[in-house]
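From first to last, the protein sequence lines stand for chains A and B.
1 is the number of the first residue of the first sequence in the UniProt record's numbering; add one for each residue after it.
1 is the number of the first residue of the second sequence in the UniProt record's numbering; add one for each residue after it.
Here a beta-carbon is modelled for each residue, glycine too, at the ideal position from N, C-alpha and C.
Worksheet: one structure, shown below.
Protein chains: 2
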Amino acid sequence: MAKKPELDDFRVPFFNDGKKAEQFALDDFDPAVKPFSTGSKESDRARLAEIGAQLDALQERLHTQTRQRVLLVLQGMDTSGKDGTVRAVFHEVDLLGLRIVSFKAPTPVEAAHDFLWRVHAQAPAAGELTVFNRSHYEDVLVPVVLGTLDDAARELRYRHIRQFEALLAESGTTIVKCMLHISKDEQRARLQARIDDPNKHWKFDVADLEARKLWGKYQTAYRDALAATSTEIAPWYVIPADSKTHRNVMIAELLLRALVGMKLEYPPAKASLKGLKVD
Amino acid sequence: MAKKPELDDFRVPFFNDGKKAEQFALDDFDPAVKPFSTGSKESDRARLAEIGAQLDALQERLHTQTRQRVLLVLQGMDTSGKDGTVRAVFHEVDLLGLRIVSFKAPTPVEAAHDFLWRVHAQAPAAGELTVFNRSHYEDVLVPVVLGTLDDAARELRYRHIRQFEALLAESGTTIVKCMLHISKDEQRARLQARIDDPNKHWKFDVADLEARKLWGKYQTAYRDALAATSTEIAPWYVIPADSKTHRNVMIAELLLRALVGMKLEYPPAKASLKGLKVD
Numbered sequence: 001m002a003k004k005p006e007l008d009d010f011r012v013p014f015f016n017d018g019k020k021a022e023q024f025a026l027d028d029f030d031p032a033v034k035p036f037s038t039g040s041k042e043s044d045r046a047r048l049a050e051i052g053a054q055l056d057a058l059q060e061r062l063h064t065q066t067r068q069r070v071l072l073v074l075q076g077m078d079t080s081g082k083d084g085t086v087r088a089v090f091h092e093v094d095l096l097g098l099r100i101v102s103f104k105a106p107t108p109v110e111a112a113h114d115f116l117w118r119v120h121a122q123a124p125a126a127g128e129l130t131v132f133n134r135s136h137y138e139d140v141l142v143p144v145v146l147g148t149l150d151d152a153a154r155e156l157r158y159r160h161i162r163q164f165e166a167l168l169a170e171s172g173t174t175i176v177k178c179m180l181h182i183s184k185d186e187q188r189a190r191l192q193a194r195i196d197d198p199n200k201h202w203k204f205d206v207a208d209l210e211a212r213k214l215w216g217k218y219q220t221a222y223r224d225a226l227a228a229t230s231t232e233i234a235p236w237y238v239i240p241a242d243s244k245t246h247r248n249v250m251i252a253e254l255l256l257r258a259l260v261g262m263k264l265e266y267p268p269a270k271a272s273l274k275g276l277k278v279d
Numbered sequence: 001m002a003k004k005p006e007l008d009d010f011r012v013p014f015f016n017d018g019k020k021a022e023q024f025a026l027d028d029f030d031p032a033v034k035p036f037s038t039g040s041k042e043s044d045r046a047r048l049a050e051i052g053a054q055l056d057a058l059q060e061r062l063h064t065q066t067r068q069r070v071l072l073v074l075q076g077m078d079t080s081g082k083d084g085t086v087r088a089v090f091h092e093v094d095l096l097g098l099r100i101v102s103f104k105a106p107t108p109v110e111a112a113h114d115f116l117w118r119v120h121a122q123a124p125a126a127g128e129l130t131v132f133n134r135s136h137y138e139d140v141l142v143p144v145v146l147g148t149l150d151d152a153a154r155e156l157r158y159r160h161i162r163q164f165e166a167l168l169a170e171s172g173t174t175i176v177k178c179m180l181h182i183s184k185d186e187q188r189a190r191l192q193a194r195i196d197d198p199n200k201h202w203k204f205d206v207a208d209l210e211a212r213k214l215w216g217k218y219q220t221a222y223r224d225a226l227a228a229t230s231t232e233i234a235p236w237y238v239i240p241a242d243s244k245t246h247r248n249v250m251i252a253e254l255l256l257r258a259l260v261g262m263k264l265e266y267p268p269a270k271a272s273l274k275g276l277k278v279d
């Protein structure tokens with residue numbers, strides 16, 4: 001009997017795992033598999049709704065906290081489904097404790113600071129669940145692929161990221177990082193669909209085709225970034241994402257596990273309110 | 001046959017309507033009526049889901065715009081249902097084009113600026129639908145009730161608000177402002193429910209009871225603020241809100257009407273993409 005898949009089978013080895021981290025290869029992960037699917041799309045959706053309700057209940061507790069916070073980082077190639085993940089995974093979760101931050105190319109003011117300046121400003125506040133839809137990782141991946149960052153500068157950014165994430169984690173933030181892993185063929189189909197539907201043209205940028213030409217370089221850059229920044233306090237997971245439903249379920253499961261692990265409780269009842277009657 | 005209720009029956013007369021604005025009285029609006037209910041809670045919920053789907057479709061179009069934006073302002077006494085409105089009305093709407101801003105008491109840095117400084121910073125960007133959960137109106141209502149703002153200063157703030165909202169509207173922002181109107185009895189029941197459930201204690205602040213003692217003063221302050229700042233480009237609506245379901249449906253109907261009125265369209269298809277095949 002095959003071993004039942006576990007979420008941690010998809011965790012990128014920790015940076016300080018030496019050999020394991022060195023041997024980590026994205027190619028070892030098939031984007032088309034659906035290890036956390038329940039078997040049918042219908043029951044996957046039911047499972048997602050079930051997790052959604054649990055996430056909502058846990059997030060209400062998180063929202064009452066004065067210290068704990070959660071950061072979910074979503075990274076992936078164009079069309080890998082970051083937007084769709086946000087929509088599906090958080091459908092049942094109360095908007096009030098949730099914040100979605102979509103990072104674009106840095107503005108001149110942002111670019112005039114260190115690369116973590118604008119990111120730090122968006123870190124989750126106490127009681128908040130924040131999603132980074134793209135993130136500080138773009139500021140390593142893109143310049144590495146375009147050749148504008150040399151090896152020493154790249155390694156320095158990795159170290160700065162590890163230290164920055166440690167600051168967040170050691171200040172009460174639970175961090176989960178997901179790389180939405182799609183195949184080059186799946187990306188072709190999704191880009192083509194955007195081109196073929198005029199109402200999707202606004203989503204399409206010819207620059208996406210330029211990035212696609214650099215597919216291999218991006219895969220290498222991702223591999224290196226993941227291996228260099230997967231840590232115990234901020235682990236990376238590779239999400240097989242050719243199936244949208246599988247992607248949603250797996251990310252929801254990861255987030256649920258993280259929130260359950262936080263042992264969130266309501267603050268203790270206020271004794272002063274016992275028996276109080278409102279006039 | 002009674003006249004079918006219309007949304008504009010609940011619009012506060014425009015500031016420059018002279019006599020009408022002077023005669024406007026909150027007491028003329030019964031918080032317990034349900035004029036936009038379809039008759040049963042079940043069909044109201046179905047209607048809300050239907051509007052939600054329409055709002056989602058319209059908001060996708062809004063999201064493709066480079067100029068238009070939407071601002072929904074929610075005001076009301078404690079427990080009037082601002083949080084619940086956000087959750088219910090936007091349940092079907094994509095998080096990515098939506099931003100919820102909850103204003104608290106000003107921080108020292110915020111208080112060191114004019115009262116619209118922190119509000120302006122949160123104004124919706126192009127393509128965005130922003131909800132103010134409380135707003136700049138708190139900065140008139142609270143000091144008026146506490147007696148820390150004299151008549152001249154209050155009138156000056158009203159004028160500053162009208163001019164600020166004109167700036168937003170004339171820069172492409174559609175503004176809808178809702179006052180969630182509940183009865184004093186309904187507030188008692190809702191506050192009591194928070195006291196009676198220990199897991200709701202975190203939502204309860206004894207200061208809420210202090211504000212409740214000033215109920216009459218707050219109603220007067222609301223009346224004056226609404227009459228002074230309801231304008232053609234930023235109208236106020238009084239929402240009968242003792243029924244949560246009615247409140248949700250009515251606010252959703254108002255927002256739907258506003259978005260439909262914007263005649264949102266997708267940007268024209270890009271001719272350059274016609275027949276393009278992705279490699």
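Looking at the secondary structure, which residues open and close the alpha helix (DSSP H) in which Thr245 (chain B) lies? Residues Lys244 to Gly261.
From Asn16 (chain A) to Thr66 (chain A), what does the alpha carbon distance come to, in whole angstroms? Looking at the two C-alpha atoms, the distance is approximately 32 Å.
Interfacial residues, the segment 97-110 of chain A to chain B, with Cβ spacing under 8 Å: Against chain B - using a Cβ distance shorter than 8 Å - the residues of the segment 97-110 of chain A are Leu98, Ile100 and Ser102.
Just confirm the distance between the C-beta atoms of Met179 (chain B) and Leu214 (chain B), as a whole number of angstroms; I'd bet it's less than 8 Å. Contact flag wrong, Cβ pair sits at about 17 Å.
Pick out the complete beta strand (DSSP E) segments inside the segment 174-245 of chain B, 3 residues or longer, and give them in chain order. 236-240, all fully within the segment 174-245 of chain B.
Are the C-beta of Thr148 (chain A) and some C-beta of chain B separated by less than 8 Å? No, no contact with chain B.
Hey, quick one: how far does the beta strand (DSSP E) through Leu98 (chain B) stretch, first residue to last? Element bounds for Leu98 (chain B): Leu98 to Ser102.
Let's test the definition: count the other Cβ atoms within 10 Å of the Cβ of Thr148 (chain A) and tell me whether it reaches 16, buried, or not, exposed. Exposed, by the Cβ-count rule.
Cβ of Lys244 (chain B) less than 8 Å from any chain A Cβ? Residue-level contact by beta carbon fails for Lys244 (chain B) and chain A, as no gap is shorter than 8 Å.
Delimiting residues of the beta strand (DSSP E) encompassing Thr130 (chain A): In this chain, the beta strand (DSSP E) harbouring Thr130 (chain A) covers Leu129 to Asn133.
When every heavy atom of the ligand HEM is checked, does at least one fall within less than 7 Å of the C-beta of Leu62 (chain A)? This structure lacks the ligand HEM, and indeed carries no ligand of any kind.
Of the residues A:Lys4, A:Lys263 and A:Leu26, the one placed nearest Arg11 (chain A), counting alpha carbons only: Comparing Cα-Cα distances from Arg11 (chain A) to each of A:Lys4, A:Lys263 and A:Leu26, the minimum goes to A:Leu26.
Can you tell me where the beta strand (DSSP E) with Arg69 (chain A) in it begins and where it stops? Note, Arg69 (chain A): beta strand (DSSP E), Arg69 to Gly76.
Proximity winner among B:His136, B:Val101 and B:Val131, relative to His113 (chain B) (alpha-carbon distances): If you compare the alpha carbons of B:His136, B:Val101 and B:Val131 with that of His113 (chain B), the shortest gap goes to B:His136.
Using a Cβ-Cβ distance cut-off of 8 Å, determine whether Thr64 (chain B) contacts chain A. At least one beta carbon of chain A lies nearer than 8 Å to the beta carbon of Thr64 (chain B).
Can you confirm whether Asp205 (chain A), when its beta carbon is compared against all beta carbons of chain B, has any partner nearer than 8 Å? By this cut-off, Asp205 (chain A) is not an interface position.
Residue range of the alpha helix (DSSP H) that includes Pro5 (chain B): Looking at the DSSP string, Pro5 (chain B) is not in any alpha helix (DSSP H), and its letter there is neither H nor E.
Got a sec? Which residues, its chain only, sit under 6 Å from Arg154 (chain B) by beta carbon, not counting five neighbours each side? Answer for Arg154 (chain B): Val144, listed in chain order.
The segment 247-271 of chain A: positions lying closer than 9 Å to chain B by Cβ: For the segment 247-271 of chain A, the beta-carbon criterion of a distance under 9 Å to any beta-carbon of chain B is satisfied by Tyr266, Pro267, Pro268, Ala269 and Lys270.
Segment limits, alpha helix (DSSP H) that includes Gly84 (chain A): Residue range Lys82 to Val89 is occupied by the alpha helix (DSSP H) that includes Gly84 (chain A).
Buried or exposed: Ser104 (chain A), going by 16 or more other Cβ atoms within 10 Å of its Cβ? The question names Ser, but residue 104 (chain A) in the sequence shown is Lys. Exposed, by the Cβ-count rule.
At a cut of 8 Å, does the segment 2-9 of chain B reach the segment 68-79 of chain A through at least three beta carbon pairs? The segment 2-9 of chain B makes no contact with the segment 68-79 of chain A; the number of CB pairs closer than 8 Å stays below 3.
Would you list, in chain order, the members of the segment 72-96 of chain B that have their beta-carbon closer than 7 Å to a beta-carbon of chain A? Those residues of the segment 72-96 of chain B that come within reach of chain A (Cβ to Cβ, closer than 7 Å) are Asp83, Val86, Arg87, Phe90, Asp94, Leu95 and Leu96.
Cα separation between Gly97 (chain B) and Ile239 (chain B)? Gly97 (chain B) and Ile239 (chain B) have their C-alpha atoms some 25 Å from each other.
Taking only the alpha-carbon atoms, compute the straight-line gap between Gly275 (chain B) and Asp196 (chain A) and give it to the nearest angstrom. Approximately 8 Å, taken between the alpha carbons.
By Cβ distance below 8 Å, which residues in the same chain neighbour Arg157 (chain B) in space, the five residues on each side in sequence not counted? Cβ neighbours of Arg157 (chain B) beyond the five flanking positions: Phe115, Asp139, Val140 and Leu149.
Who are the near neighbours of Arg190 (chain A) in its chain, counting only those whose CB is closer than 6 Å to its CB and skipping five residues on each side? In chain order, Thr79 place their CB closer than 6 Å to the CB of Arg190 (chain A), counting only its own chain and leaving out the 5 sequence neighbours on each side.
Residue from A:Leu129, A:Pro35, A:Gln75 and A:Gly52 with nearest C-alpha to Gln219 (chain A): The shortest C-alpha separation from Gln219 (chain A) is found at A:Gln75.
In angstroms, rounded to a whole number, what distance separates the CA positions of Ala152 (chain B) and Lys200 (chain A)? Near 53 Å, if we compare the C-alpha coordinates of Lys200 (chain A) and Ala152 (chain B).
Using the DSSP secondary-structure output, state which residues sit across from Arg11 (chain B) in a beta bridge. Paired residue(s): B:Tyr237.
Taking 8 Å as the CB-CB limit, is Trp117 (chain A) close to chain B? At a cut-off of 8 Å between C-beta atoms, Trp117 (chain A) does not count as an interface residue with respect to chain B.
Starting from Leu48 (chain B), trace the alpha helix (DSSP H) both ways and give me its first and last residue. DSSP places Leu48 (chain B) in the uninterrupted alpha helix (DSSP H) bounded by Lys41 to His63.
8 Å contact criterion, which Ser40 (chain A) and Val249 (chain A) should meet: CB distance rounded: Between Val249 (chain A) and Ser40 (chain A) the Cβ distance is about 12 Å, and since that is not below 8 Å, they are no contact.
From A:Ile251, A:Thr173, A:Ser272 and A:Gly261, pick the residue whose C-alpha is nearest to that of Lys82 (chain A); which is it? Among A:Ile251, A:Thr173, A:Ser272 and A:Gly261, the Cα nearest to that of Lys82 (chain A) is on A:Ile251.
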